[in-house]
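Residue numbers (my numbering), protein chains in the order written: chain A, 1 to 350; chain B, 351 to 700.
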DNA sequence: TGCAAAAATACAAACGTTTGCGCATATTTC
DNA sequence: GAAATATGCGCAAACGTTTGTATTTTTGCA
């Protein structure tokens, strides 16, 4: 079998040294590895004196616990997996930061995977995470993922699952979502109150709860204000900048004087179309976006938008994971976060 | 000792089942675990027939290799660690994506840590990654980290190290950086050619090579064009929006009519100050930023900026890691990427 | 001083893989 | 037809921990 390189006290200066193990420490002190292990774990079964001695020599030798071995033996890891569609979206990277802010202090580490909005990548990510024996998975599913089967497999194999933002409702485990319905309701109501008369909607893919909920909120606000719903000014699958630009033209043809958009990028397209065609926002036309992307406040006019507090969502998703580990029942772990309407120039009809 | 839950063929429907191991597969087929292991690894020492049989039943039983055990035995993992100051910065998240695009197909997984620009967090991250036995570390050090000691420890313990963007030059291992000097030179030269006469500089912390190089490039461009360097219009430690706003006032007092900024956020502050004070950009005042943040093109006026191709940088950093694994010498692995000047309205003097 | 109880440490198995070696059986070679 | 080679698989050790149990040492107390 292979030989082990034993820890050597710098016989050549600056030499690369094999990492010392608890066995090396044990050998150096003429004790057994089990005592070393217990000592480093702070177990009181080993005397304070040797505990001190051990941790000192461990530090001297530059010992670092091998988490592979440790986790293998213990049968559990302190790693949680996180799957997001894309890491380079303001929203998702902030959710990640938020989750990290809770999980790191709790002793967990994060391993991040991207699905790139593809179901296949998502499945691969789930497999990778399971193979790495993560303690749980926090995820927002890809847009391609329309059935919840692969997510169900996660909980079935005993892993903690927390869905966030985009969540299947028929799945056991925790979920943290925005209250998209109420948010969209408020945004639409704000447009009505501001005096816009014919308000359209740029929505997203209706296979996702996120977008159906927003559309429903939009419709309810209209209905509650006695405005008839006109399906011809509801444009689904329209959350990109291009689609926003394109559908703004259609909305204008249909006589709209305002749009509630399910995404800031779509709203950006709307503003750009208006700029190109000398349409005065907000006086002639009102726009509200969703997400509060970092550019929203920087546009001219600054974009009114529905904020989804990403960092907070990450916090709560992480907390939900910890709660599951503590044995809280799933029922208590379906969390809805209110959205906040940030009113800026793009909806201030003067 | 603890009992193992053996794999059970769904005695209750939908029951949570323990993950099957190669031992379970072996038992089911009345062969030994070693054969199973070899079969699943595609080893030709086991016959094609049994190989087929094994991989079929493995699939049936829902077997997934336990990477903890595998890596422990093999003495190496397929995980590489990545440390960035903040994940929710456009630049860093794109570098991560770029690295992932190379590493995933090569069979590696990424574990991401944030230093939050704090040296302590960075050290902790390094420790965590080492404990997790990563195959290498790709990182951009925190601004607080002014000596390269903790980075040196990485290579000393035999890990592959790739620095990107912010890199200590005295460290063995690979590095991928922007050609900040030439980039800044070009940006400044462009301002000169556009007819601006008194060009100042909003720089960053001079403890970082990134910012000293940019300042040197700026100075060289002035010198090459026969313009005297005036230290009073060089503002260091000024890469935030606030500082940009604040130092724009000072630059104006000092008679500047243009600024080359080491960051888009600083340039944003400059533009905002100009807007508040009715200063016409670009006619009265020229601005160039650095980074091409996503908002740069959306500002009014659109911001001329020096692009640092983050995705490409991630690609190359990952490739450098793979090269190290292949045994390429460090000398070949000091890579400089050219920057690209994207000319937009903010520097078009009319 | 002796003896039980308590404290400190040692022993050994186990986590799930991988892999060098050995041992059969099957195939080739002269 | 015997010797040499290939093929297919099993055995057992090892990776570095953790932990239940056993053993030794120390302590307290009569």
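Glycine included, C-beta positions come from ideal geometry on N, C-alpha and C.
Quick caveat: nothing in here was measured; it's all calculated off a predicted structure.
Less than 8 Å between the CB atoms is what I'm expecting for residue 310 of chain A and residue 344 of chain A, so what's the real figure, rounded? So it is not a contact: roughly 19 Å between Cβ atoms.
Is there a C-beta anywhere in chain B that falls below 8 Å from the one on residue 308 of chain A? no
With DSSP run on the structure shown, which of helix, strand or coil describes residue 637 of chain B? strand
Report the three-state DSSP secondary structure of residue 160 of chain A (helix, strand or coil). strand
Express the C-alpha separation of residue 135 of chain A and residue 414 of chain B in angstroms, rounding to a whole number. Roughly 15 Å separates the two Cα atoms.
Give the C-beta separation of residue 194 of chain A and residue 347 of chain A to the nearest angstrom, bearing in mind that I take them to be a contact with Cβ-Cβ under 8 Å. Sure, about 6 Å apart at Cβ, within 8 Å.
Quick check on DSSP: helix, strand or coil for residue 626 of chain B? helix
Chain B contacts from the region 97-110 of chain A (Cβ-Cβ distance under 9 Å): 97, 100, 104, 109 and 110
I need the boundaries of the alpha helix (DSSP H) containing residue 46 of chain A, first residue and last residue. Taken as a continuous stretch (DSSP letters only), residue 46 of chain A belongs to no alpha helix (DSSP H), as it is neither H nor E.
Under 8 Å between beta-carbons, which chain B residues line up against residue 164 of chain A? List them in chain order, please. Per Cβ cutoff of 8 Å: no residues; residue 164 of chain A is ~16 Å from chain B at best.
Measuring only the C-alpha atoms, how far is residue 12 of chain A from residue 578 of chain B? Only weak support exists for where residue 12 of chain A lies, its pLDDT of 34 falling under 50; the coordinates are left without a value.
Inter-stretch contact (C-beta, 8 Å, three-pair minimum) for the region 321-330 of chain A and the region 126-142 of chain A: At 8 Å Cβ cutoff, the stretches touch.
Residue-level contact to chain B via CB, residue 127 of chain A, 8 Å cutoff: yes
Which residue marks the beginning of the beta strand (DSSP E) containing residue 610 of chain B, and which one marks its end? 608-611
Given a threshold of 16 other Cβ atoms within 10 Å of its Cβ, counted over all protein chains shown, does residue 540 of chain B qualify as buried or as exposed? Looking at its Cβ environment, which holds 16 or more other Cβ atoms inside 10 Å, residue 540 of chain B is buried.
Which residues does DSSP pair with residue 684 of chain B in a beta bridge? B/525
List the whole-angstrom C-beta distance separating residue 376 of chain B from residue 386 of chain B, where the pair is believed to meet the contact cut-off of C-beta under 8 Å. 5 Å
What residues of chain A sit near residue 578 of chain B, judged by a beta carbon separation below 9 Å? Under the 9 Å cutoff, chain A gives no residues; its nearest Cβ is about 35 Å from residue 578 of chain B.
Quick one: grab the DSSP three-state call for residue 270 of chain A. Of the three classes helix, strand and coil, the one that applies to residue 270 of chain A here is helix, per DSSP.
Flag residue 93 of chain A as yes if its beta-carbon sits less than 8 Å from any beta-carbon of chain B, otherwise no. Yes, residue 93 of chain A lies at the interface with chain B (some Cβ there is under 8 Å from its Cβ).
With 7 Å as the C-beta to C-beta threshold (strictly closer), list the residues of the region 638-656 of chain B near chain A in chain order. 644, 645, 648, 649 and 650
Pick from B/370, B/436, B/504 and B/453: whose alpha carbon is nearest that of residue 62 of chain A? B/504
Residue 146 of chain A, buried or exposed, once every other Cβ within 10 Å from all chains shown has been counted against 16: exposed
Against chain B: residues of the region 22-37 of chain A by CB proximity under 8 Å: Taking 8 Å as the Cβ-Cβ cut-off against chain B, none of the residues of the region 22-37 of chain A qualify.
Which value, in whole angstroms, describes the spacing of the CA atoms of residue 248 of chain A and residue 476 of chain B? 49 Å
Closer than 8 Å by C-beta to residue 182 of chain A: which residues in its own chain qualify, once you throw out the five before and the five after it? Chain order, please. 217, 338 and 339
Cβ neighbour criterion (16 or more within 10 Å) applied to residue 51 of chain A: Residue 51 of chain A comes out buried.
Please classify residue 276 of chain A as buried or exposed, where buried requires at least 16 other C-beta atoms within 10 Å of its C-beta. exposed
At least 3 beta-carbon pairs within less than 8 Å: the region 263-274 of chain A vs the region 239-248 of chain A: yes
Can you name the residues that DSSP bridges to residue 584 of chain B? Bridge partners of residue 584 of chain B according to DSSP: B/551.
Taking C-alpha atoms, which residue in B/588, B/371 and B/642 lies nearest to residue 556 of chain B? B/588
Relative to the C-alpha of residue 409 of chain B, which residue among B/425, B/371, B/518 and B/550 is closest? Cα-wise, what sits closest to residue 409 of chain B is B/371.
Does the Cβ-Cβ distance between residue 87 of chain A and residue 112 of chain A come in under 8 Å? Less than 8 Å divides the Cβ of residue 87 of chain A from the Cβ of residue 112 of chain A.
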